[in-house]
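Down below is the structure, laid out as structure tokens.
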Amino acid sequence: GGQTKAACLPCRKRKSKCDGDRPSCKCCMAKATMCNYSVTTPGVTQQQAIKNELDAYKRVLTLIRDSSSSDVESLVRIIKARNSLNDAVQDI
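Right, dumping it as structure tokens:
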């Protein structure tokens, strides 16, 4: 086969061959590692992408702090069901 479009972040760090499978590549599954990919959107700089991700984390933490225990359980279910935190935040 050809080259993988984008290796996951753990494979990049390990300099391992990544198959690019989502939500988890075979290498991360074998190593029981959390598999995640750098999310880049056309026209968005890496710095802006990092800021957007940080904003998503801040929003989730604020929601957790300001929510009841049962609402926090719902938030966790939504986060676990999505491929990225940004996807989860959009659904909340």
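So for the sequence shown, the UniProt record's numbering puts the first residue at 1; every next one is plus one.
Backbone N, C-alpha and C define an ideal beta-carbon position, used for all residues, glycine too.
Small disclaimer: the values here were computed from a predicted structure and weren't measured.
6 angstroms Cβ shell around residue i - same chain, five flanking residues per side excluded
i, result
"Cys-11", "Cys-18, Cys-27"
Residue i, DSSP secondary structure in three states
i, result
"Ser-70", "helix"
"Lys-80", "helix"
"Arg-14", "helix"
"Met-29", "helix"
"Arg-22", "coil"
Enclosing alpha helix (DSSP H) for residue i [first to last residue]
i, result
"Asn-86", "85–91"
Cβ neighbours of residue i in the same chain (closer than 8 angstroms, five flanking residues each side left out)
i, result
"Gly-20", "Thr-4, Lys-5, Ala-6, Ala-7, Cys-8"
"Asn-86", "Val-39, Asn-52, Glu-53, Ala-56"
Beta-carbon spacing of residue i, residue j below 9 angstroms
i, j, result
"Val-44", "Ala-88", "no"
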